[in-house]
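Each residue of the sequence shown is one higher than the one before, counting from 1 in our numbering.
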Amino acid sequence: MKEQEYIEVYGARAHNLKNIDVKIPREKLVVITGLSGSGKSSLAFDTIYAEGQRRYIETFSAYARQFLGGLERPDVDKIDGLSPVISIEQKTTNKSPRSTVGTITEIYDFLRLLFSRASDAYSYNTGEKMISYSDEQIKELILSDFADKRIAILAPLIKSRKGHYRELFEQISKQGFVRVRVDGEIREIEKGMKLDRYKTHDIEVVIDRLIVNESAEKRLEETIKTAMYTGNNILMVIDVDNEKPRYFSRELMCPTTGIAYPSPEPNTFSFNSPKGACDTCNGLGITNEVNIHKIIPDDSISIKNGGIIPLGEQKNSWIFKQLQTIAERYDFKLTDPIKKIPKEALEVILHGGKEKFEIQSKNLGVTRNYEIDFEGIIAFIENQYKNTDSTSIKRWAKDFMDEVDCGTCDGNRLKKEALHFKITDKNISDLAKMDVTELANWFSKIDKKLSEKQLIIASEILKEIRTRIQFLLDVGLDYLTLDRTSKSLSGGEAQRIRLATQIGSQLVGVLYILDEPSIGLHQRDNQKLIDSLIKLRDVGNSVLVVEHDEDMIKNADFVLDIGPGAGRHGGEIVSEGDFKELLSHNTLTADYLAKRKKIEVPKKRREGNGHTIKLMGAKGNNLKNVSVEFPLGKMICVTGVSGSGKSTLINETLYPILNAHIYRGVKKPMPYKKIEGLEHVDKVIDIDQSPIGRTPRSNPATYTGVFSEIRSLFSKTPEASIRGYKPGRFSFNVKGGRCETCQGGGVRVIEMNFLPDVHVECETCQGKRFNRETLEIRYKGKSIADVLEMTINHAVEFFEHIPKIHRKLKTIKDVGLGYITLGQQSTTLSGGEAQRIKLATELSKKDTGNTFYILDEPTTGLHFEDVRILMDVLNKLTNKGNTVLIIEHNLDVIKLADYIIDIGMEGGKKGGKVLTTGTPEEVAKHKTSYTAKFLKKELN
């Protein structure tokens, strides 16, 4: 038995950590838990991960380091026993439409390799298998098939294209060839010869004419070489007597029609490379197409009264003069309703036209010449969309367009040649559309169907693909398809994909740090995730997880509980050891785990206000024509396994409809039939997981808008009025009141070329951010800088008599963030804290009693105690008559709901149906729902 090794951290002081020492066992599954904001991430990410990262960069030469930008030393005395660190966080997913599940997991890259080496090509004209020959084979075939016949060997140059080709004929004759075959007829090249430029032509050069026999073998060899060179690796043989052509090619070629494909490479199957991407949609699979019904929504209005939306009502402009000309030419008036305008005239208005015509003036008896030169409204909108740099014009044009599957590749993203390479009648796009379970199934049976040669080539690739697919199955992502874009993934899904990729890399001796991997995971899949982490540990890695999930804590080898409170009241280690030891301590975490404290189930459920919103026929993504009722005035919880369609139903369908109805939002909802009951809601608020500010200049005071009120309060003090200071004087982001040395940042950055930049307190303002004159203005004895240093708890008392400020601060305190300071940088807030500041900002707005709140997994990053505080706030909102809709897996939240909508059964194709609805007690009785099974345990 080898001795237990430790990662030893001494004197960690990052953010709110109170100079702590900690020993973390290596090659174990270790969970760090504690209240939100107690310092878990500060220890895991800002200390241990940051130091691991910095040591890695230190290994580069000084020359390389200057390009990487140094990393700061975390505020810690020393760390021993640290291995290379890999962090798997929730934040990073690629928002590019080109990034898909297949490309992130690299499965698609292996598929491209597989198809370029082991697939068969088929002709897109006839569906026959394509063939390719070596020069030697071609010679043998000609000798045997055309024995003793007179043949002509030709090199194809032009295949059904228009043009007069005069230069081409000159070029051919300069190369010394005398005859060409044009459209099936052999002719001699004459000087100045040319063809009808408006017809399509086939042109081949006659390389040689000969009688096939033994003596002609040498000559045939030379001729084949010349023909291949001239015809770009294709030649054509014609039997002079019956004129039937046969094609031969060094590349893949259709034996009947002679079309050829270039040899396949991995790039041929990549939609991110010009070699493989469909030319129409550039490999995105969707194009924007102008929708005529958006241009003319109502054809009973006339052009003059604004019937053509992009043009508006008639004004004195060039376009309307052109329309007037078109009207005279086709004999209608601009005051006629659009439906009465002749078809051909509408065609010219929409698609453009050019013509000259004469009109005889009735009273003068003279004819006048008119000219129409109009590009057409549709072309105009398309050109604006494609060629403008202005975002607002792009958005204007996009309003008249629909996103449709690309007509050329049918949404498959690739050129048609690439889609005709197949392995057992499936092309690469068919495989990318299967979900992971189907794909695993297909790959398990593939060996029997491949030829021996294909198997030898593909065996290694197949091994790689299978292991990667297995890892996706292991982390509970069996419902994803490879062509799903990564921007449509939830934070938890993206994190688990990265986890699967990491397990796939099979590294040993690494320290993995994960940030709440169980987000967005249904209880059912929790065990799969825990097994994956245990697998990582068993091959010899240390796994460090920041987590609140009860199952994860129970399965850990070692648990660190950080607390006792949050912010300045946290940052100490309150207990360490295994799960049993944890329960024996008297900490908040232990109280909840040992059920000494718990979130109580309400005695009775709310009745609601009797109104409902009915959404019918929702079909987005995997929803199977779903119809749902949302009872208003209740707390509604939408549940279901990952990938079952919760986000599609709420975030992609319901929210955009409400938003467009109330605020004229621009986001287009997913397809649905109709919706009823919108008149019962007059405000919709969506609170999601995105961080509140990316710059150190953003802080809770600026985000919630309370800082503007505080600034105007300061500008109204007698001293400020005498000096004529306006609210802008008290902003650290604009010139005037801020300290100009550090430009209101409070710190100065000193660049050290080879070493990391050092942040030092600004010596002019001592980190106060403002200049001396501004700091002389005081309110109740405090300067503006002192106010930014206050904790929310202190500020609530301080501003008690200023209702506008007090109300906003009070809501921040109510969501459990009394410990943060008003001026704390947003970048240092944890995910759970940022989300609750967002929540507080929305809650401090006056609610109307008919507001519809939508929260997507609000318990992310929250400890059991934080969940209780959050639910108190949401309950208060619902008691005022508002509707709160929560998408959630956390049973503590689900059991408090008045109404549950459970979507399932599985994720992906097997999901998208409403399984059951009703109160938690009713839902718990459902036989097959996974949520019901876990909810039953919780309620008992």
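A virtual CB, placed ideally from N, CA and C, is assigned to each residue, including glycine.
Taking Tyr6 as part of the beta strand (DSSP E), name the residues at either end of that continuous run. 6-12
Per the contact definition of three or more C-beta pairs closer than 8 Å, is the segment 582-591 in contact with the segment 559-569? yes
Given Ile692 as reference, the closest of Ile457, Gln523, Glu842 once Cα atoms are compared: Glu842
Taking contact to mean 3 or more Cβ pairs, one atom from each stretch, closer than 8 Å, check whether the segment 209-217 and the segment 127-144 are in contact. yes
Measure the CB-CB distance between Val510 and Val85 and report whether it falls below 9 Å. yes
If distances are taken between C-alpha atoms only, which option among Gly231, Ser134, Phe177, Ala121 comes closest to Cys254? Ala121
Below 8 Å on the Cβ atoms is my contact criterion, and I expect Val787 with Lys810 to pass it. Report the Cβ-Cβ distance as a whole number of Å. 16 Å between Cβ atoms; not a contact.
Could you pull the start and end residues of the beta strand (DSSP E) that Ala418 belongs to? Counting along the chain, Ala418 falls outside any beta strand (DSSP E), though it belongs to the alpha helix (DSSP H) covering 416-419.
Name the two residues that bound the continuous beta strand (DSSP E) containing Asn369. 367-374
According to the Cβ coordinates, are Asp425 and Leu480 closer than 9 Å? no
My assumption, with CB atoms under 8 Å, is that Phe730 sits in contact with Thr774. Please give the rounded CB distance. 6 Å
Straight-line CA distance for Tyr941 to Gly231? Given that the chain is displayed from residue 1 to residue 940, the structure contains no residue 941 and the question cannot be resolved.
Compute the distance between the beta-carbons of Ile264 and Phe115, then report whether it is under 9 Å. The sequence as given places Pro at residue 264; Ile does not occur at that position. Yes, the Cβ-Cβ distance between Pro264 and Phe115 is below 9 Å.
C-beta contact flag for Val666 and Asp478 at 9 Å: no
Alpha carbon to alpha carbon, what distance is there between Ser715 and Pro727? 5 Å
Find the nearest neighbour of Leu521 within the set Ile301, Val475, Ile292, judged by alpha-carbon distance. Val475
Spatial distance of Phe45 from Val76 (CA atoms): 13 Å
Determine, using beta carbons only, whether Tyr124 and Ile234 come nearer to each other than 9 Å. no
Quick test of the definition: if touching needs 3 or more C-beta pairs under 8 Å, does the segment 825-841 touch the segment 693-701? yes
Beta-carbon contacts of Leu168 that lie in its chain and below 8 Å, excluding the five residues immediately before and after: Leu157, Ile158, Ile203
Over what stretch of residues does the alpha helix (DSSP H) that includes His293 continue unbroken? 292-295
So, under 8 Å CB-CB, Phe320 and Gly353 are touching, yes? Tell me the CB distance rounded to an integer number of Å. At roughly 17 Å, the Cβ-Cβ gap does not stay under 8 Å, so Phe320 and Gly353 are not in contact.
Grouping DSSP H, G and I as helix and E and B as strand, with all else coil, what is Pro858? coil
Examine the Cβ distances between the segment 104-115 and the segment 462-469 and report whether three or more of them are shorter than 8 Å. yes
Rounded to the nearest angstrom, what separates Ser644 and Ile650 at their Cα positions? 12 Å
Give me, in chain order, the residues of the same chain whose beta-carbon lies closer than 7 Å to that of Glu51; leave out the 5 immediate sequence neighbours on both sides. Pro74, Val76, Ile79, Leu82
How many whole angstroms separate the CB atoms of Ala227 and Ala155, which I take to be in contact at a CB cut-off of 8 Å? 5 Å
Nearest candidate by alpha-carbon position, reference Glu5, set Arg26, Glu921, Ala62, Asn19: Arg26
Quick one, which of Asn541, Gly577, Asn305 has its alpha-carbon nearest Thr33's? Gly577
Applying the 10 Å Cβ sphere with the 16-neighbour rule, what's the burial state of Arg836? buried
Given 8 Å, three or more beta-carbon pairs between the segment 887-903 and the segment 596-610: yes
Buried or exposed: where does Gly540 fall if 16 or more other Cβ atoms within 10 Å of its Cβ makes it buried? exposed
In terms of residues, what are the limits of the beta strand (DSSP E) holding Lys159? 150-162
Rounded separation between His889 and Gly724 - CA only: 55 Å
Can you give me the Cβ contacts of Arg209 inside the same chain, cut-off strictly under 6 Å, excluding the 5 residues immediately before and after it? Ala152
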